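*Asks:* Before I ask anything, here is the structure I am working with.
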Amino acid sequence: MKLSPDQTIFWQHGFVTINLTIVTTWAIMLILVMGSILVTRKLKTGIKISWWQSILEMLVTTMSNEIKGIGLDQPKQYIGFIGTLFLFIAVSNIAIMLPFYEPPTGSLSTTAALAISVFFAVPFFGISKSGIGGYLKTYIQPTVVMLPFNIISELSRTLALAVRLFGNIMSGGMIVAILLSISPFIFPVVMKVLGLLTGMVQAYIFGILATVYIAAAVHKTPEPAAANPTSNKLKSDNNG
Amino acid sequence: MDSITSIAMVSIITAGLTTGIGCMLPALSEGKAAATALSSIAQQPDAAPIITRTLYVSLAMIESTAIYCFVVSMILIFANPFWNHVIAK
Chain A
-4 MKLSPDQTIF WQHGFVTINL TIVTTWAIML ILVMGSILVT RKLKTGIKIS
46 WWQSILEMLV TTMSNEIKGI GLDQPKQYIG FIGTLFLFIA VSNIAIMLPF
96 YEPPTGSLST TAALAISVFF AVPFFGISKS GIGGYLKTYI QPTVVMLPFN
146 IISELSRTLA LAVRLFGNIM SGGMIVAILL SISPFIFPVV MKVLGLLTGM
196 VQAYIFGILA TVYIAAAVHK TPEPAAANPT SNKLKSDNNG
Chain B
27 MDSITSIAMV SIITAGLTTG IGCMLPALSE GKAAATALSS IAQQPDAAPI
77 ITRTLYVSLA MIESTAIYCF VVSMILIFAN PFWNHVIAK
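Chains A and B, in that order, give the protein sequences.
Position 231 of the first sequence, counting from 1, maps to 226 under our numbering, and the rest follow consecutively.
All you need for our numbering is the position in the second sequence, starting with 1, plus 26.
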């Protein structure tokens, strides 16, 4: 049984390998970029706008509202990175509707690449916001004692990002493959529908977590928007 | 019992145990998280979007422990390094 689309190899020469993951990744990138170029080539500002433009506007508005809700006040700076991550993962997960398609996010190399780009984006945005000194100061929050733990958490959350996405998508594909051999008619379709839901949720979570990490590096206090309801909840629990 | 058989047996039993225990406990804690989020939405319906977002993030965090267990058991069954080591000998 194949664990990942990495094992479907089309062409190999030395250490250069063209496998299914690379092909589908580039196809999705091409579709996203060409689609965006085609739509944004003739933008209109009037009341009557094209169908595709309204879809894109809706996407961008929703994403910037979400980013703003987490505590990044100027989402325009971050939407280029976070929105691209979200769109890429969402499109590659939704496309499992197509026959003979294997999602590139079901390969550990793709998800590791995405997680590593988040790993480097966090210091990039942190430094560009508050300077090198200000960014390095976030490592000794709240005290100097926490320095090794902050470094460990930086590394482990990158690993967690990669393995979470990979595990979810890979398990979806594997469940369908196992069920195909047991009950090959209706039930795999149901699991595939569930896979669509999981794929969207995972894309959302990847984007949200990247935003939370960047927000924690940009601000002094991490997750200001998310911290309030839990504390209220705890209070009301204690009262009741 | 030669080493191939024992490695296969131990791997299969461990894979089953890993997925079993690793699904059980995250399911309990996810249920707890969802239940508290629902009751707090019922108390404060205005805060529903924030609670939902926090719930999603924390569910993903909890879920990832189950996913780690699943990945470990998949590695044990389909890509077992010890098995390959013994086979190559």
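Quick reminder that beta carbons are idealized off the backbone N, C-alpha and C, glycines included.
Computed from a predicted structure; not experimentally measured.
1. Tell me which residues of the stretch 137 to 165 of chain A have at least one Cβ-Cβ distance to chain B shorter than 8 Å, keeping chain order.
2. Using the rule of at least 16 other Cβ atoms within 10 Å of the residue's Cβ for burial, across every protein chain shown, is Met237 (chain A) buried or exposed?
3. What are the boundary residues of the alpha helix (DSSP H) that includes Val112 (chain B)?
4. Look at the alpha carbon of Phe119 (chain A) and the alpha carbon of Ala210 (chain A), and state the distance between them as a whole number of angstroms.
5. If we define contact as Cβ-Cβ less than 9 Å, is Tyr199 (chain A) a contact residue for chain B?
6. DSSP on Ile44 (chain A), reduced to helix/strand/coil?
7. Tell me which same chain residues have a C-beta within less than 6 Å of the C-beta of Phe81 (chain A), skipping the five on either side of it?
8. Going along the chain, which unbroken runs of the beta strand (DSSP E) with 3 or more residues stay wholly within the stretch 41 to 67 of chain B?
9. In terms of residues, what are the limits of the beta strand (DSSP E) holding Val11 (chain A)?
10. Please state if the CB of Ala63 (chain B) and the CB of Ile77 (chain B) are separated by a distance shorter than 9 Å.
11. List, in chain order, every chain A residue whose beta-carbon is nearer than 8 Å to that of Ile30 (chain B).
12. For Pro183 (chain A), name the three-state secondary structure that DSSP assigns.
13. At the 9 Å Cβ level, is Ile84 (chain A) part of the contact set with chain B, yes or no?
*Replies:* This is what the structure gives:
1. Ala155, Val158, Arg159, Phe161, Gly162, Asn163 and Met165
2. Given a span of -4 to 235 for chain A in the structure shown, any question on residue 237 (chain A) remains unanswerable.
3. Pro107 to Ala114
4. 12 Å
5. yes
6. coil
7. Ala198 and Gly202
8. none
9. Val11 to Asn14
10. yes
11. Correct list: empty, because the minimum Cβ distance to chain A is about 20 Å.
12. helix
13. no
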